Amino acid sequence: MSISTQDAPKSVAARMIATGTHQRVLAFASLIILLIGFSIASPNFMQTSNMIAILQATSVNGVLAIAVTLVIITGGIDLSVGTMMTFCAVITGVVLTYAGLPLWLGVIAAIATGAGCGLCSGTFVAKMKIPPFIATLGMMLILKGLSLVISGTRPIYFNDTPGFSEISRGSLIGQIFPAVPIPNGVLILFVVAGVTAYILNRTVLGRYCFALGSNEESVRLSGVNTDRWKIAIYALSGAIVGIAGLLIASRLNSAQPALGLGYELEAIAAVVIGGTSLSGGRGSILGSLIGALIMAVLTNGLRVLSVAQEWQTVVTGAIIILAVYADMLRRRRSA
Amino acid sequence: MTFLVEMRGIEKRFPGVHALKGVQFDLRAGEVHALMGENGAGKSTLMKIMAGIYTPDGGEIFVDGAAVTPDSPRAAQDLGIGIIHQELSLMNDLTAAQNVLIGREPRRSFGRLDEAALNRQTAEIFASLSLALDPRTMVGTQTIARQQLIEIAKALSYNPRVLVMDEPTAALNDAEIAELFAVINKLKADGVGIVYISHRMDEIKRIADRVTVLRDGAYIDTVDAATTPLDKIIQLMVGRDLAHVIPDFPDTSRNAVALEVRNLSRGRDVRGVSFDVRKGEILGFAGLMGAGRTEVARIIFGADKRDAGEILVGGQPVDIRSPCDAVAAGIGYLSEDRKHLGLAVDMSVRANIAMSSLSTFTSKAGILNEAAMQKTALSYIDKLRIRTPSDLQDVRLLSGGNQQKVVIAKWLLRDCDVLIFDEPTRGIDVGAKSEIYALLEELAAQGRAIIVISSELPEVMRLSHRIAVMCEGRLTGILPGGAGTSQQDIMTLATQRESAVVEAEDA
Chain F
1 MSISTQDAPK SVAARMIATG THQRVLAFAS LIILLIGFSI ASPNFMQTSN
51 MIAILQATSV NGVLAIAVTL VIITGGIDLS VGTMMTFCAV ITGVVLTYAG
101 LPLWLGVIAA IATGAGCGLC SGTFVAKMKI PPFIATLGMM LILKGLSLVI
151 SGTRPIYFND TPGFSEISRG SLIGQIFPAV PIPNGVLILF VVAGVTAYIL
201 NRTVLGRYCF ALGSNEESVR LSGVNTDRWK IAIYALSGAI VGIAGLLIAS
251 RLNSAQPALG LGYELEAIAA VVIGGTSLSG GRGSILGSLI GALIMAVLTN
301 GLRVLSVAQE WQTVVTGAII ILAVYADMLR RRRSA
Chain A
336 MTFLVEMRGI EKRFPGVHAL KGVQFDLRAG EVHALMGENG AGKSTLMKIM
386 AGIYTPDGGE IFVDGAAVTP DSPRAAQDLG IGIIHQELSL MNDLTAAQNV
436 LIGREPRRSF GRLDEAALNR QTAEIFASLS LALDPRTMVG TQTIARQQLI
486 EIAKALSYNP RVLVMDEPTA ALNDAEIAEL FAVINKLKAD GVGIVYISHR
536 MDEIKRIADR VTVLRDGAYI DTVDAATTPL DKIIQLMVGR DLAHVIPDFP
586 DTSRNAVALE VRNLSRGRDV RGVSFDVRKG EILGFAGLMG AGRTEVARII
636 FGADKRDAGE ILVGGQPVDI RSPCDAVAAG IGYLSEDRKH LGLAVDMSVR
686 ANIAMSSLST FTSKAGILNE AAMQKTALSY IDKLRIRTPS DLQDVRLLSG
736 GNQQKVVIAK WLLRDCDVLI FDEPTRGIDV GAKSEIYALL EELAAQGRAI
786 IVISSELPEV MRLSHRIAVM CEGRLTGILP GGAGTSQQDI MTLATQRESA
836 VVEAEDA
């Protein structure tokens, strides 16, 4: 077993390239190119107000993308994040508007509801062995239905809780630096991203996230209670969806029970553009964040250039296919 | 004296197979106990029961004389039982250290990982194995041999009292084997009991203290390794005299060449492979895991692209770019994973046989002719002696051997001149194996060219008129079949690594 030193510790740069950071670099480069391209095309694009609008538009999709990234790294998929987000918002509406409870309870309710939903999805997948696609498809419909039932299909407004819209629209940064009034929603997005990235890369939960996606049977044979960890990952993902629910409800100052469907696909798109492998085992929060930013920049930039909304959707679809194709090409070459 | 581990009357059934029939086994502290038997004898199953991966249907297990029921891998680990699996079971997307200490990562508060301690502990384990490997190396980038060593390090990191090694040397070269044996001897001195499963007879004499032989799921005997001649052990394993096993082969050297490949290459998997196979000939492909045999077959069949190389069928170059082209050229490929890639298991025998020839059973209006399909299916059921109650039986209800015959029927119907069998008897009972062998010989006698890829050396030696051996993507040699070639000859070629050569030069 004496093995020559040809495999001596690699340089940091070599390791970064080796571990699939490529796609992330590619995504980041695309983002920069898009930003430069749009600023040349339209002088209105590179305005502080427009940049802030892009960030604000990223916040909800970004948080959802972070949530679904965790599940996708385990080799699963979550189709329920859109309607789950709405469901969390509706529950917050019940707590704050119907029951008139204080703001902090509403916040906790949203996060706990999300975690609870994730716990259910996780149990369906891990214990009942239902494929994630089916389990979360079921959850998607259940939660959509429940949101409509609980709210009586009417929006729940937060007019009685004046602080609520501050969660997303207020600006702590703006109070300190009036020149850059970055809204709290964006701040929350970056905090969520930072914390989740830390969990993913520095904690046991994160390690098992990658390990499950890489070779679940092997993890199980190593004596790890894989079912429990998988459920925990879905629950954490759900809790993050709860935060997205707070963000969207706060931005609209209402819980719109009919909203939510379609958000899951935008979130998955952001994750894929960011280089996370749909077959599991590989991915990053930073990538998903960049993916969500790319989508927001595209939508915003095309709008600034007065391209019809219908065409924006077409372009987004094409970008997804291009992004994954680029990743495939790279992987085939290195294989 | 009490044994470290004792197993009595172990029973295990899988659907269609009685895998273990009242098997007994015991292990003392500080001994190497070899577990021998042909493939399918039940060795791995018995050890998976000991390691808590399978639950036995009957029997008792004792550790230090106390009855135990290791019902999960973790429970077995807590009893001090560690196992190194035959198949590599590492997580390719994680680093070596992350793999070695999976499930026992050094933690700080709030479930935070202590990555520095993780790498340090792993480095210590690697050092104790004299393994010069950075703990931060991605496992997926390593060779099979290195991955095997990481796997061994992982098992040792549990400080087991019992260590099961299921064919640990299958992918190692001689130098690496010597190092492994040094580690085993050190463990022995520390009082660890080692169960050693291997097909390489020479290793048994070198390392084992006692040998237990299983055959067809039954316990045969336990003998002393030092005083029992190898012939005796082999006889216990096969239950008959080995001299009769290898038959005479017909001389096919003057037949027309059915398939020739020249300089086939694909990345690192397949490098400059050239060979031919004649009509009526069975060409065996031997080699270790990851040697590139299946990859060669997939390229010939058009399932994977080739970087370079030529394929000639009947002397004519053909440009095979897809399985469709290959079938048109008369090449059939029977995958090693027949349940996933070879059969639609939820459909009937009739539907499966007709599957790849549906156009011949379709009228101009696009309607399937069930009567014709039935006639064809019944004729193949008869010809290949497929045991099924009717041609409408679901394929998943058949035994492994009969499922394999259905796949063969499917390809015979396509009238392929060249048939590539990838692990044709994997998961098939010993009894049914000989039927498959007879069938392959019959197909060859009819003038078809047969390529058999097999990881079981006795199978390759039993069937092949010539034996092609691969190692790390290269064809390292073609040996004559029959009694003139020994397992040792094949293993020498199968471990003829470029890296080994490089190391020898370094030394």
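Chain order of the listed sequences is F and A. Note that my numbering has the first sequence beginning at 1, numbered continuously upward. Note that my numbering has the second sequence beginning at 336, numbered continuously upward. Yeah, the Cβ is synthetic: ideal placement off N, Cα and C, and Gly gets one too. Here the structure is a predicted model, which means the values were calculated and not measured.
- If you draw a straight line from the Cα of I231/F to the Cα of G122/F, it is about 4 Å long.
- For the region 252-286 of chain F, the residues whose beta carbon sits under 8 Å from a beta carbon of chain A are, in order, G281, R282.
- Y493/A carries a coil assignment under DSSP once its states are collapsed to helix, strand and coil.
- In the three-state reduction of the DSSP assignment, T562/A falls in the coil class, being assigned neither a helical nor a strand state.
- Here G665/A really is in contact with V753/A; their C-beta atoms are around 6 Å apart, less than 8 Å.
- Secondary structure note for R202/F: its alpha helix (DSSP H) is the uninterrupted segment 184-202.
- By the C-beta criterion, the region 268-276 of chain F is judged not to be in contact with the region 166-182 of chain F, since fewer than 3 inter-stretch pairs fall below 8 Å.
- In this structure, I813/A lies near F610/A, with their beta-carbon atoms less than 8 Å apart.
- Excluding its 5 nearest sequence neighbours in each direction, P408/A has C-beta neighbours in its own chain below 7 Å: A386, G387, I388, listed in chain order.
- CA-to-CA, the gap between V125/F and G242/F works out to about 20 Å.
- Shortest Cα-Cα distance from V631/A to any of K383/A, A369/A, R809/A involves R809/A.
- Within chain F, the residues T203, V204, L205 have their CB atoms less than 7 Å from the CB of G446/A, given in chain order.
- Secondary structure note for E346/A: its beta strand (DSSP E) is the uninterrupted segment 340-349.
- Taking C-beta atoms as the reference points, T337/A and G400/A count as a pair closer than 8 Å.
- If the five residues before and after F38/F are omitted, its C-beta is found closer than 6 Å to the C-beta atoms of F45, G301, all from its own chain and listed in chain order.
- In the displayed model, E266/F falls within a helix according to three-state DSSP.
- Membership of F461/A in the alpha helix (DSSP H) is indicated by the continuous run 450-463.
- Setting aside the 5 residues that flank it on each side, K378/A is surrounded in the same chain by L370, G372, I532, L549, each with a C-beta closer than 7 Å to its C-beta; the list follows chain order.
- Short of 6 Å from the beta carbon of P470/A, and not among the five residues preceding or following it, lie these beta carbons of its own chain, in chain order: A431, A432, N454, T457, A458.
- If you draw a straight line from the Cα of G238/F to the Cα of S222/F, it is about 27 Å long.
- Within the same chain, W229 come within 6 Å of Y208/F by CB-CB distance, once the 5 residues on both sides are set aside.
- For S171/F, no beta strand (DSSP E) run applies, since DSSP gives it neither H nor E.
- According to the DSSP assignment, V71/F belongs to the alpha helix (DSSP H) that extends over 48-73.
- As for any beta strand (DSSP E) of minimum length 3 sitting wholly inside the region 399-427 of chain A, the runs are 401-403, 416-419, ordered along the chain.
- For D78/F, the closest C-alpha among the options M140/F, N225/F, L55/F, R154/F is that of M140/F.
- DSSP places K129/F outside both helix and strand once states are collapsed to three, so it counts as coil.
- In this structure, the beta-carbon distance from T203/F to R447/A falls below 8 Å.
- In the structure shown, Q651/A falls within a strand segment according to DSSP collapsed to helix, strand and coil.
- Among the residues of the region 415-446 of chain A, those with a Cβ less than 7 Å away from any Cβ of chain F are S424, L425, M426, N427, D428, L429, Q433, I437, G438, E440, R442, G446, in the order of the chain.
- A residue is called buried once 16 or more other Cβ atoms fall within 10 Å of its Cβ, and R628/A is buried on that count.
- The continuous beta strand (DSSP E) containing R606/A extends over residues 605-613.
- Secondary-structure assignment with DSSP links R601/A through a beta bridge to V605/A.
- For V297/F, no chain A residue has a C-beta closer than 8 Å to its own C-beta; the minimum C-beta separation is roughly 30 Å.
- In the structure shown, the three-state DSSP call for Q359/A is strand.
- Annotation: the region 617-689 of chain A contains the following complete segments of the beta strand (DSSP E) (minimum length 3 residues), in chain order: 617-622, 643-648, 666-669.
- With a contact defined as Cβ atoms closer than 8 Å, A376/A and D556/A miss out at about 13 Å.
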